[in-house]
C-alpha cells in the first residue's frame, strides 16, 4: 500500500464521518419519536409471556436472537462444499463464539466494560452458549457422518473430543433453571470447573499443525488473562493493599425486636438486616450499583461463596462506608443473618473482601416526576435513587419536582425494619418546605385497623392495607396534578420516569400500563436487582 492510497483512505474516512454526523443531526429531532416507536412495538410487547420455566420473550429480543442465528447459519453454510468441510467450519465457528464466553471469569466485569446491565449481558452470554453447543454438536455429527479419521493419536484425540463436548453438554444441563435454583453458589463453581475441562478437551482435540483454530482459542485465553489480571489488581487495591488500613470489615446490624424473636426460638427471620461495610479506601458508588461480597470466615463453606448486594447508601463524594441490605434466603445470606442474631447485643463483625461497585446508574436529572416502585428487598435498589433525586432538588441540579415511592411488603415487620431509611429520606426532603417526596407503603398482611394510616409529619407518608392499583396511580402521576404549579402561568409538563425493582409479574403489569403512556413522555427502567 503506497502513501497515496493511505491518503485517499484517510480523506475518504473524514468525508464519510462528516456525512454521518450531518445525517444524525438532521434526524435528531425525530429521536424521541423513534424511541417511542421502538418501545411501543419492539421492546415492550411480548411474543411469549412470562412462565415459571420460560420467558418472557419480547419482539426485540426474539428479533436479535434470530439475526444472531441467521448470521451463524450464513457463515456455516456459505459456499457449502461437503459435509466434512461444513463440520470443520462449525468447529471453527464455535471457537469464534467461544471468545465471547471466555472473556472473563465474572460476568459483572464484562458488563461494566461494555456499559450494559448485567441482565442484558446474561442474555447475550446465554445466547452465545447455546450457539456454541449447537455448533459443537453439529461438528460432532458431521465428523461422524463423514467418517473422518484424525491423525492426532486416535485414543487421545477421541478422549479429548469426548471431554470437550461432554463438558459443554453438561454446562447446558447445569444451566437449566431448576439446577441453578437448587444451589446457586454450587452451580457457579461447577460451571467454572466445566469451562476449564471443556477448554482443556478442545485444546487437546485441535490438530497441532492447524494454526487457525488454536489461534482463536489463544485469543480467548489471552483476553481472559488480561481481564482477570486487571480485575485482580483493582480488587487488591480497593480492598486495602498498601493502604495501611487493613482489610474491609462487614458489620451486621440487627434490631432488638428481631433478637427477641430469635431468642424465642425463631431461628431464621424473614425480615432484612442492614450490613455496613467499612472500606480501607473510599470508592465512588452510584445509585443502582451493587458489590460482590466475600465473607470467608462466616461459615464452613463461605470461603467458596460470593454474593451480590445492592448498595443502599449514596453520596456525590467517595464513600468510606457502604450500607447494604441483606434478605435471608439461603446459603450465605441465611448464615449471615443467623450470625447477626446470635451476636445478641453486640453487632456481628467479620473480615470481608469485595469487588465493585458494579452495574450502570441511570440518569434521572432530566425528569420532572419520578415514580419509584419496589417490592420487598427491592427497596434496596430504590433508596439510592430517592436520595439522589432529593439531593438534586435541594441543590437545584435536576428538574425533579415530585418523587413518589411505592413499596409493597408482605408484613408490617419488613416495613418496620426499614423505618430508619425511610425516615432519613423524609428528613432530607425539607428544602423551603417543598416536600417533593411522597411515600406509600402497602402491607399485604398486618394489624392495620384502617385502610390508610399516616406516619411522619406533613402527611407525606402513608401505610395502606392491600395492593396498589397502578392503573389509577400511573395515569395520576402522568397527568402532573400532584405537582404544585403557579397559577395563570403556562408551565409545560416535563418528562416522567418509572423505576421498578420488583417481581416479574408486577413488572409485566407495569410494562403493559406504561405502553399506553409512552406518547406522554413516560419511560420505564428496570434496575439490576429484581425479585
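Residue numbers (our numbering): 4 to 534.
Ideal Cβ placement from N, Cα and C applies to all residues, glycine included.
Since we're looking at a predicted model, the values are computed, not measured.
- Between residue 246 and residue 288, the CB-CB gap reaches or exceeds 9 angstroms.
- Ranked by Cα distance from residue 174, the options 161, 218, 189 are led by 189.
- Taking a C-beta distance under 9 angstroms as the contact criterion, residue 306 and residue 297 qualify as a contact pair.
- Looking only at 161, 354, 127, 470, the smallest Cα-Cα distance to residue 509 is reached by 470.
- Contact annotation: the segment 76-87 does not touch the segment 190-199, with fewer than three C-beta pairs closer than 8 angstroms.
- Around the beta-carbon of residue 127, 16 or more other beta-carbon atoms lie within 10 Å, marking it buried.
- Scanning the segment 176-243 from its first residue to its last, no whole beta strand (DSSP E) run of 3-plus residues comes out.
- Between residue 497 and residue 402 a beta carbon distance of about 6 angstroms is seen, short of the 8 angstroms cut, so the two are scored as contacting.
- Burial is judged here by how many other beta carbons sit within 10 angstroms of a residue's own beta carbon; residue 275 has at least 16 and is buried.
- Around the beta carbon of residue 204, 16 or more other beta carbons lie within 10 angstroms, which makes this residue buried.
- Residue 87: member of the alpha helix (DSSP H) spanning 86-104, first to last residue.
- Nearest to residue 337 by alpha-carbon distance, out of 301, 376, 490, 391, is 301.
- Taking a cut-off of 8 angstroms for Cβ pairs, the segment 207-226 and the segment 104-114 touch, as three or more such pairs fall below it.
- Sorting 193, 441, 68 by C-alpha distance to the C-alpha of residue 457 places 441 at the top.
- Residue 285 sits in a strand when the DSSP states are folded into three classes.
- The segment 232-245 makes no contact with the segment 374-386, as fewer than three CB pairs between them are under 8 angstroms.
- Pairing residue 42 with residue 526 gives a Cβ-Cβ distance under 9 angstroms.
- Taking a 10 Å sphere around the C-beta of residue 472, we find fewer than 16 other C-beta atoms and assign the residue as exposed.
- It is roughly 30 angstroms from the alpha-carbon of residue 192 to the alpha-carbon of residue 285.
- Burial check for residue 351: the Cβ neighbour count within 10 Å reaches 16 or more, so the residue is buried.
- Excluding five sequence positions before and after residue 444, the CB atoms of its chain that fall closer than 6 angstroms to its own CB belong to 410, 418, 466, given in chain order.
- Runs of the beta strand (DSSP E) spanning 3 or more residues and lying entirely within the segment 278-340 occur at 293-297, 310-313, 322-329, in chain order.
- Take the alpha-carbon of residue 477 and the one of residue 528: they are about 14 angstroms apart.
- Annotation for residue 83: no alpha helix (DSSP H) segment contains it, and DSSP assigns it neither H nor E.
- C-alpha of residue 488 to C-alpha of residue 386: approximately 27 angstroms in a straight line.
- Annotation for residue 41: the continuous alpha helix (DSSP H) segment containing it runs 34-41.
- Around the beta carbon of residue 479, a 10 Å sphere encloses fewer than 16 other beta carbons of the protein chains shown; the residue is thus reported as exposed.
- Residues 180 of the same chain have their beta carbon placed closer than 7 angstroms to that of residue 56, with the five preceding and five following residues left out of the count.
- Annotation: residue 291 to residue 71 spans about 30 angstroms, alpha carbon to alpha carbon.
- Bridge pairing for residue 252: 281, 354 [DSSP].
- With respect to the 9 angstroms criterion, residue 294 and residue 361 are classified as neighbours on the basis of their beta carbons.
- About 7 angstroms separates the beta carbon of residue 413 from that of residue 448, a gap short enough to meet the 8 angstroms contact definition.
- The alpha-carbon separation between residue 218 and residue 393 amounts to approximately 53 angstroms.
- When the Cα atoms are used, residue 353 and residue 279 turn out to be separated by approximately 11 angstroms.
- Inclusion of residue 328 and residue 389 in the CB contact set at 9 angstroms is not warranted, their separation being larger than that value.
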